[in-house]
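*Asks:* Structure below; questions to follow.
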Amino acid sequence: MEQRYLKIMELSEILDLSVRLYRKNFIPLVLAQVPLTLTVFFVLMRGGGTGFFDVFNQTPSYTGNLDNYFITMLLSFVQSILVYPLVLGAVTKVASDCILQESPSVKKAYKFALHNKGKLIVTSVVISFAIGLVVGIFISAPLALIIFGMRAPGSSTGALVLVLFALLFTGIGVVIASFLWIRWVTTFPVLVNEEDEDLGTFDAMKRSWNLVQGHTRKLFFVMVAVSLIPTLVQLSPSAMGLFAGRFLAILTVVFGVVAQGLISPLVDCTRVVIYFELKTRKEGFDLEKRVEQLQEV
Numbered sequence: 138m139e140q141r142y143l144k145i146m147e148l149s150e151i152l153d154l155s156v157r158l159y160r161k162n163f164i165p166l167v168l169a170q171v172p173l174t175l176t177v178f179f180v181l182m183r184g185g186g187t188g189f190f191d192v193f194n195q196t197p198s199y200t201g202n203l204d205n206y207f208i209t210m211l212l213s214f215v216q217s218i219l220v221y222p223l224v225l226g227a228v229t230k231v232a233s234d235c236i237l238q239e240s241p242s243v244k245k246a247y248k249f250a251l252h253n254k255g256k257l258i259v260t261s262v263v264i265s266f267a268i269g270l271v272v273g274i275f276i277s278a279p280l281a282l283i284i285f286g287m288r289a290p291g292s293s294t295g296a297l298v299l300v301l302f303a304l305l306f307t308g309i310g311v312v313i314a315s316f317l318w319i320r321w322v323t324t325f326p327v328l329v330n331e332e333d334e335d336l337g338t339f340d341a342m343k344r345s346w347n348l349v350q351g352h353t354r355k356l357f358f359v360m361v362a363v364s365l366i367p368t369l370v371q372l373s374p375s376a377m378g379l380f381a382g383r384f385l386a387i388l389t390v391v392f393g394v395v396a397q398g399l400i401s402p403l404v405d406c407t408r409v410v411i412y413f414e415l416k417t418r419k420e421g422f423d424l425e426k427r428v429e430q431l432q433e434v
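Counting in the numbering used here, the sequence shown runs from 138 upward without gaps.
Take a look at the structure:
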């Protein structure tokens, strides 16, 4: 009997459980996501300068763009630093309570998130900073070198070598950033479900790191697969930009809100499923059976 816990579920099984968990708790998950959805809505509304509002004007006005961009940056900062960690904590709590056969409650989820707001915010900032630092050093800088090498006058051989070196450096950066991202993917589920352990930011990150160890590649493909869904939805207006015309700004807002408000909770459910799957392999907790029991209720 213990053997069934020694082998992690396949990619399709994890995705299936995530979708079932998402469907079972669709309403509370979407409600818990509302603060982030509203923030994204306002960011997208302001982000295009006057683009959204000028759809309804025959003669667009371009005054005040600087104010628009300043407000957009401020909203983006609030979204990333304050709103996102609290919402992620609340959504994770809703999904976790369902698996643990507790009645999911948005009120209870936000009570938890606000009670642990400092820990959630600091953890989100630390993880974002660490991955962002890798992206800045290994990806952004080499990309600048690539552009410089392609435009710089002089020896084409030297420019080619510079571009190839920068591409190699960029590839290394992508691997490192992806590795860090997936090894810390269960950090928030750890904070939410192991509250009694009084884990700090770095303790939770270490716990996640150890949980994912040995399954990094498989879980990377799982998270990429599920993360592509809201990403493709959000980017789809750009793909039909030639056909959207003046309504591209409206479509960008609509698709962005749908992706963030309705689909992104699926990604967070997948984090929770991964956490319980990895954690309970050592404790004999049958995650699949528990979800099946929930569907029968």
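Each residue gets a CB set at the ideal place from its N, CA and C atoms; glycine is no exception.
Who are the near neighbours of Val404 in its chain, counting only those whose CB is closer than 6 Å to its CB and skipping five residues on each side?
*Replies:* Val363 and Ser364
*Asks:* When the Cα atoms are used, what is the spatial distance from Lys254 to Leu299?
*Replies:* 45 Å
*Asks:* Taking 8 Å as the cut-off, does the segment 334-346 touch the segment 354-373 (at least 3 CB pairs, one atom from each stretch)?
*Replies:* no
*Asks:* Among the candidates Val410, Val228 and Ser213, whose CA atom is the shortest distance from the CA of Lys248?
*Replies:* The closest CA to that of Lys248, considering only Val410, Val228 and Ser213, is found on Val228.
*Asks:* State the Cα-Cα distance for the pair Ile151 and Ile411, rounded to the nearest angstrom.
*Replies:* 7 Å
*Asks:* With contact counted as at least three CB pairs below 8 Å, one residue from each stretch, are the segment 235-244 and the segment 265-275 in contact?
*Replies:* Short answer: they don't touch.
*Asks:* In the structure shown, what three-state DSSP assignment does Gln140 receive?
*Replies:* Unreliable positioning characterises Gln140 in this predicted model, as indicated by a pLDDT of 38, which lies under 50. A coordinate reading is not provided.
*Asks:* Return the chain-ordered list of same chain residues with a C-beta closer than 7 Å to the C-beta of Pro326, the five sequence neighbours on each side being excluded.
*Replies:* Spatial neighbours of Pro326 in its own chain (CB-CB distance under 7 Å, excluding positions within 5 residues in sequence) are listed in chain order as Thr229, Ser233, Arg408, Val409 and Tyr412.
*Asks:* How many whole angstroms separate the CB atoms of Leu436 and Phe179, which I take to be in contact at a CB cut-off of 8 Å?
*Replies:* Given a span of 138 to 434 for the chain in the structure shown, any question on residue 436 remains unanswerable.
*Asks:* Under the assumption that Val177 contacts Val394 (Cβ atoms under 8 Å), give the Cβ distance between them as a whole number of angstroms.
*Replies:* 6 Å
*Asks:* Cα-Cα, which of Ile387, Cys406 and Leu251 is closest to Val322?
*Replies:* Cys406
*Asks:* Could you have a look at Trp440 and say whether DSSP puts it in helix, strand or coil?
*Replies:* No answer is possible for residue 440: the residues shown for the chain start at 138 and end at 434.
*Asks:* Mapping DSSP to helix, strand and coil, what is Thr417?
*Replies:* helix
*Asks:* Under 9 Å, do Leu328 and Leu257 count as touching if we go by C-beta distance?
*Replies:* yes
*Asks:* Buried or exposed for Glu147, please, with buried defined as at least 16 other CB atoms from any protein chain shown within 10 angstroms of its CB.
*Replies:* exposed
*Asks:* Is Glu334 helix, strand or coil when you go by DSSP?
*Replies:* helix
*Asks:* Helix, strand or coil for Pro172 per DSSP?
*Replies:* In the structure shown, the three-state DSSP call for Pro172 is helix.
*Asks:* Taking the alpha-carbon positions, what's the Leu218 to Leu175 distance?
*Replies:* In the sequence as displayed, the identity of residue 218 is Ile instead of Leu. Taking the straight line joining both Cα atoms gives about 15 Å.
*Asks:* Can you tell me whether Ile284 is buried or exposed, with buried defined as 16 or more other CB within 10 angstroms of its CB?
*Replies:* Classification for Ile284: exposed.
*Asks:* Roughly how many whole angstroms lie between the Cα atoms of Lys416 and Thr307?
*Replies:* C-alpha separation (whole angstroms): 33 Å.
*Asks:* Shortest alpha-carbon distance to Val272 belongs to which of Phe316, Phe357, Leu225 and Arg344?
*Replies:* Considering only alpha carbons, the answer is Phe316.
*Asks:* With DSSP as the reference, label Pro241 as helix, strand or coil.
*Replies:* coil
*Asks:* Roughly how many whole angstroms lie between the Cα atoms of Leu154 and Thr294?
*Replies:* Their backbone Cα atoms lie some 52 Å apart in a straight line.
*Asks:* What residue does the alpha helix (DSSP H) around Leu399 start on, and which one ends it?
*Replies:* It is not in any alpha helix (DSSP H) - Leu399 carries neither H nor E in the DSSP assignment.
*Asks:* Taking DSSP as the reference, what is the three-state secondary structure of Gln195?
*Replies:* Because Gln195 sits at a pLDDT of 47, beneath the cut-off of 50, its placement in the model cannot be relied upon, and the following sentence gives the value as read from the coordinates. In the three-state reduction of the DSSP assignment, Gln195 falls in the coil class.
*Asks:* Tell me whether Gly188 is buried or exposed, calling it buried when 16 or more other Cβ atoms sit within 10 Å of its Cβ.
*Replies:* For Gly188, the predicted model reports a pLDDT of 48, less than 50, meaning its position is unreliable; a value from the coordinates is still stated below. Burial check for Gly188: the Cβ neighbour count within 10 Å reaches 16 or more, so the residue is buried.
*Asks:* Within the same chain, show all residues whose beta-carbon is closer than 8 Å to that of Lys245, passing over the 5 residues directly before and after it, in chain order.
*Replies:* Lys230 and Asp234
*Asks:* List the whole-angstrom C-beta distance separating Val259 from Thr338, where the pair is believed to meet the contact cut-off of C-beta under 8 Å.
*Replies:* 5 Å
*Asks:* Buried or exposed for Leu305, going by 16 or more other Cβ atoms inside 10 Å?
*Replies:* Burial call: exposed.
*Asks:* If you draw a straight line from the C-alpha of Ala115 to the C-alpha of Leu297, how long is it?
*Replies:* This structure cannot settle anything about residue 115, because the visible part of the chain is limited to 138 through 434.
*Asks:* Quick one, which of Val224, Thr324 and Asn205 has its alpha-carbon nearest Met342's?
*Replies:* Thr324
*Asks:* Look at the alpha carbon of Leu173 and the alpha carbon of Thr353, and state the distance between them as a whole number of angstroms.
*Replies:* For Leu173 and Thr353, the gap between their C-alpha atoms comes out near 29 Å.
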